[in-house]
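Take a look at the structure below.
2 protein chains.
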Amino acid sequence: MTAGSDSAAWCAVDLTPGRARAWHLLGETVTGTRQIEMPDEGPGGQSAVDLLRRLCDGMPAMVCGPGLGAAAVAVPAKPGMIVPVPLADGLVHALPGLRQDSPPALMDADAARIAGFLALNPRWDGVICLPGQVTHWAQISADEVVSFQSFLTGETATALAAAPSLRAAGAGEGWDNAAFGAALETAMSRPERLAAGLAAIAAEAVLDRLGPGQARARLYGLLTGAELTAARPYWLGQQVALIGPDAAARPYAEALQRQGVPTTLADEARMTLAGLVAARRRIAGAG
Amino acid sequence: MTAGSDSAAWCAVDLTPGRARAWHLLGETVTGTRQIEMPDEGPGGQSAVDLLRRLCDGMPAMVCGPGLGAAAVAVPAKPGMIVPVPLADGLVHALPGLRQDSPPALMDADAARIAGFLALNPRWDGVICLPGQVTHWAQISADEVVSFQSFLTGETATALAAAPSLRAAGAGEGWDNAAFGAALETAMSRPERLAAGLAAIAAEAVLDRLGPGQARARLYGLLTGAELTAARPYWLGQQVALIGPDAAARPYAEALQRQGVPTTLADEARMTLAGLVAARRRIAGAG
Numbered sequence: 001m002t003a004g005s006d007s008a009a010w011c012a013v014d015l016t017p018g019r020a021r022a023w024h025l026l027g028e029t030v031t032g033t034r035q036i037e038m039p040d041e042g043p044g045g046q047s048a049v050d051l052l053r054r055l056c057d058g059m060p061a062m063v064c065g066p067g068l069g070a071a072a073v074a075v076p077a078k079p080g081m082i083v084p085v086p087l088a089d090g091l092v093h094a095l096p097g098l099r100q101d102s103p104p105a106l107m108d109a110d111a112a113r114i115a116g117f118l119a120l121n122p123r124w125d126g127v128i129c130l131p132g133q134v135t136h137w138a139q140i141s142a143d144e145v146v147s148f149q150s151f152l153t154g155e156t157a158t159a160l161a162a163a164p165s166l167r168a169a170g171a172g173e174g175w176d177n178a179a180f181g182a183a184l185e186t187a188m189s190r191p192e193r194l195a196a197g198l199a200a201i202a203a204e205a206v207l208d209r210l211g212p213g214q215a216r217a218r219l220y221g222l223l224t225g226a227e228l229t230a231a232r233p234y235w236l237g238q239q240v241a242l243i244g245p246d247a248a249a250r251p252y253a254e255a256l257q258r259q260g261v262p263t264t265l266a267d268e269a270r271m272t273l274a275g276l277v278a279a280r281r282r283i284a285g286a287g
Numbered sequence: 001m002t003a004g005s006d007s008a009a010w011c012a013v014d015l016t017p018g019r020a021r022a023w024h025l026l027g028e029t030v031t032g033t034r035q036i037e038m039p040d041e042g043p044g045g046q047s048a049v050d051l052l053r054r055l056c057d058g059m060p061a062m063v064c065g066p067g068l069g070a071a072a073v074a075v076p077a078k079p080g081m082i083v084p085v086p087l088a089d090g091l092v093h094a095l096p097g098l099r100q101d102s103p104p105a106l107m108d109a110d111a112a113r114i115a116g117f118l119a120l121n122p123r124w125d126g127v128i129c130l131p132g133q134v135t136h137w138a139q140i141s142a143d144e145v146v147s148f149q150s151f152l153t154g155e156t157a158t159a160l161a162a163a164p165s166l167r168a169a170g171a172g173e174g175w176d177n178a179a180f181g182a183a184l185e186t187a188m189s190r191p192e193r194l195a196a197g198l199a200a201i202a203a204e205a206v207l208d209r210l211g212p213g214q215a216r217a218r219l220y221g222l223l224t225g226a227e228l229t230a231a232r233p234y235w236l237g238q239q240v241a242l243i244g245p246d247a248a249a250r251p252y253a254e255a256l257q258r259q260g261v262p263t264t265l266a267d268e269a270r271m272t273l274a275g276l277v278a279a280r281r282r283i284a285g286a287g
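Just so you know, the sequences run in chain order Z and V.
Residue 149 in the UniProt record's numbering sits at position 149 of the first sequence, and the numbers go up by one each step.
Residue 20 in the UniProt record's numbering sits at position 20 of the second sequence, and the numbers go up by one each step.
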């Protein structure tokens, strides 16, 4: 991608595993979107080059997410750095992810979403929580990610809802908000009792004592409660911005509200695009 | 099954989901075994009647495990009660499971294994831990199950090892015992950090810092450590008998040994058969 004029055609791409997506733009105006669903695909599933071909029709691209080999940048760091990546059919620009040595943690496209949020909210200090299959909590100060902490809560919930006993209990369906709240409280006071709470769901399902939507809400309540307990240093006394797909963000919003934490919901797609647009503005400005 | 002579042919059956199995016997002498693998099948998968047909060739049967509709008995209770179950093609006898109202818990064939262990070890007091896809901890006193507590640790481990990030980290393979021990200690001191520990495994795998067998051992270390913390009232200051499939029992044996708990390993198949044989002896003696 060369630094284009304000109205040049280009492609903003998010290669997050499970759901690659692209925006086609003229300058900063979106002219179309594309999405490729790859459910249950881990990192390194389809090749990034193949995905870019299917998403971009050869347009110059600004890309976030894994697969282009751009080395993640160690925190503390400003998100939104740009790395040129020469490919067989042209040059693309990548926003590298962020990494932390201790505790070991890695985020890919979420770094671009943080960059987008900070581009739209300059000088914002606080904590950004990015729920998803992996959830990241990032401490933001002076436009930098100072530190972050990751939790595999989303993948755990998905995997458990499909496990034999919990699948039979209906853990894939419905939502009983009172049951979520009760399980959340239990997990925050006794987080080590996760597997015991799961076995109780399975037993109550067999004994026919579970109402509709209770299994799923309790599963998410237990997992979210344990995560909130472990992430307490991140949210206690802080303002929190939540950036994630609606379904993933909702339990966090509910849980943080119950803890009295001031929480802002930011649209995930909008933040992603804002991060990629801000990055392109910088290379266009420098061109 | 009618009360037979000592050398009558009969069939001892364990209908545990995932792996139904049967012993063909003449009196108390095993003349053959059968097993039907049903991986990833939840409760109520194949019909118990169909399984009995395939396992028993019409012989009278003494059966443990779910599916015959024998109502579970509330604890405190002696395991090894016997319930006659009339089926279309004859009468079988079932060993019902055990249930507890609070906390809600349910065990099926494991009740027969406890009965077998107590038949072989009369007047044994202590705690029996039955590892498996669901693990039960049962407090035994005066030949009764006084109370028990269940954990969905096995299903959680299986589900997580197949989740995208952990599958990519190799969580299905190998075993690094030092990594298991370290993760166990971590989980026992900070059990709420399970999902954080899982995310660290995924991140270290991408950063190429994981040795072979570390992902799996750490996954099991984290889950076993959380369970041991929650089950502490069961094992602290007790003698523990472990009855479970080898692969499921090994992490528990290792973990209990590290906590200095005197632990006896009892062969799961042998305990199951002993429970069924002891039950048949009672109805034969009464005949």
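For every residue, glycine included, the Cβ atom is placed at its ideal position computed from N, Cα and C.
Could you check where the alpha helix (DSSP H) with residue i kicks off and where it finishes?
{"i": "TRP235 of chain Z", "result": "232–235"}
{"i": "ALA119 of chain V", "result": "110–120"}
{"i": "ASP50 of chain Z", "result": "48–56"}
{"i": "GLN257 of chain V", "result": "246–258"}
Confirm, please, whether the CB-CB distance from residue j to residue i is below 7 Å.
{"i": "HIS24 of chain Z", "j": "THR31 of chain Z", "result": "yes"}
{"i": "PRO86 of chain V", "j": "VAL145 of chain V", "result": "no"}
{"i": "LEU273 of chain Z", "j": "THR263 of chain Z", "result": "no"}
{"i": "GLY197 of chain V", "j": "LEU222 of chain V", "result": "yes"}
{"i": "PRO66 of chain Z", "j": "ASP108 of chain Z", "result": "yes"}
{"i": "ALA171 of chain Z", "j": "ARG216 of chain Z", "result": "yes"}
{"i": "PHE148 of chain Z", "j": "ALA266 of chain Z", "result": "no"}
{"i": "ALA159 of chain V", "j": "LEU219 of chain Z", "result": "no"}
{"i": "ALA205 of chain Z", "j": "THR156 of chain V", "result": "no"}
{"i": "PRO245 of chain V", "j": "GLU268 of chain V", "result": "yes"}
{"i": "LEU98 of chain V", "j": "VAL134 of chain V", "result": "no"}
{"i": "VAL63 of chain V", "j": "ALA94 of chain V", "result": "yes"}
{"i": "LEU152 of chain V", "j": "ALA199 of chain Z", "result": "yes"}
{"i": "residue 300 of chain V", "j": "ALA187 of chain V", "result": "There is no way to answer for residue 300 of chain V, as the model of chain V reaches only from 1 to 287."}
{"i": "ILE243 of chain Z", "j": "LEU106 of chain Z", "result": "no"}
{"i": "ALA72 of chain V", "j": "PRO96 of chain V", "result": "yes"}
{"i": "ALA230 of chain Z", "j": "GLU192 of chain V", "result": "yes"}
{"i": "ALA48 of chain V", "j": "LEU68 of chain V", "result": "yes"}
{"i": "GLY126 of chain V", "j": "ILE140 of chain V", "result": "yes"}
{"i": "PRO60 of chain V", "j": "TRP10 of chain V", "result": "yes"}
{"i": "ILE114 of chain V", "j": "ALA241 of chain V", "result": "no"}
{"i": "VAL277 of chain Z", "j": "TRP235 of chain Z", "result": "no"}
{"i": "SER165 of chain Z", "j": "ALA119 of chain Z", "result": "no"}
{"i": "GLY58 of chain V", "j": "ALA248 of chain V", "result": "no"}
{"i": "LEU51 of chain V", "j": "ALA20 of chain V", "result": "yes"}
{"i": "ALA279 of chain V", "j": "ILE82 of chain V", "result": "yes"}
Using the DSSP secondary-structure output, state which residues sit across from residue i in a beta bridge.
{"i": "MET107 of chain V", "result": "V:LEU98"}
{"i": "GLN139 of chain Z", "result": "Z:VAL127 and Z:SER147"}
{"i": "VAL85 of chain Z", "result": "Z:VAL92"}
{"i": "LEU242 of chain Z", "result": "Z:CYS129 and Z:LEU265"}
{"i": "MET62 of chain Z", "result": "Z:ALA12 and Z:HIS93"}
{"i": "residue 292 of chain Z", "result": "In the structure as shown, chain Z starts at 1 and stops at 287, and residue 292 of chain Z therefore has no counterpart that could be examined."}
State the start and end residues of the unbroken beta strand (DSSP E) segment that holds residue i.
{"i": "GLU37 of chain Z", "result": "29–37"}
{"i": "THR158 of chain V", "result": "That residue, THR158 of chain V, is in no beta strand (DSSP E); its alpha helix (DSSP H) goes 153–161."}
{"i": "ALA20 of chain Z", "result": "19–26"}
(request) Please list the segments of the alpha helix (DSSP H) lying wholly inside the segment 164–231 of chain V, counting only runs of 4 or more residues, in order along the chain. (result) 164–168, 177–189, 194–206 and 214–230
(message) So if I threshold CB-CB distances at 9 Å, which residues from the segment 125–140 of chain Z count as touching chain V?
(response) GLN133, VAL134, THR135 and HIS136
(request) For the segment 152–171 of chain V, enumerate the residues whose C-beta is nearer than 8 Å to any C-beta of chain Z, in chain order. (result) LEU152, THR153, GLU155, THR156, THR158, ALA159, LEU160, ALA162, ALA163, PRO164, SER165, LEU166, ARG167 and ALA168
(request) Output, in sequence order along the chain, the residues in the segment 45–76 of chain V whose CB is closer than 7 Å to any CB in chain Z. (result) none
(request) Determine which residues of the segment 10–25 of chain Z have a Cβ less than 8 Å from any Cβ of chain V, and write them out in chain order. (result) PRO17 and GLY18
(request) Return the residues of the segment 203–226 of chain Z that lie within a Cβ-Cβ distance of less than 8 Å from chain V, sorted by chain order. (result) ALA203, GLU204, VAL206, LEU207, ARG209, LEU223 and ALA226
(request) Name, going along the chain, the residues of the segment 190–202 of chain Z whose beta-carbon falls closer than 7 Å to a beta-carbon of chain V. (result) PRO191, GLU192, ARG193, LEU194, ALA195, ALA196, LEU198, ALA199, ALA200 and ALA202
(message) Can you pull out the residues from the segment 268–286 of chain V whose beta carbon lies closer than 9 Å to at least one beta carbon of chain Z?
(response) none
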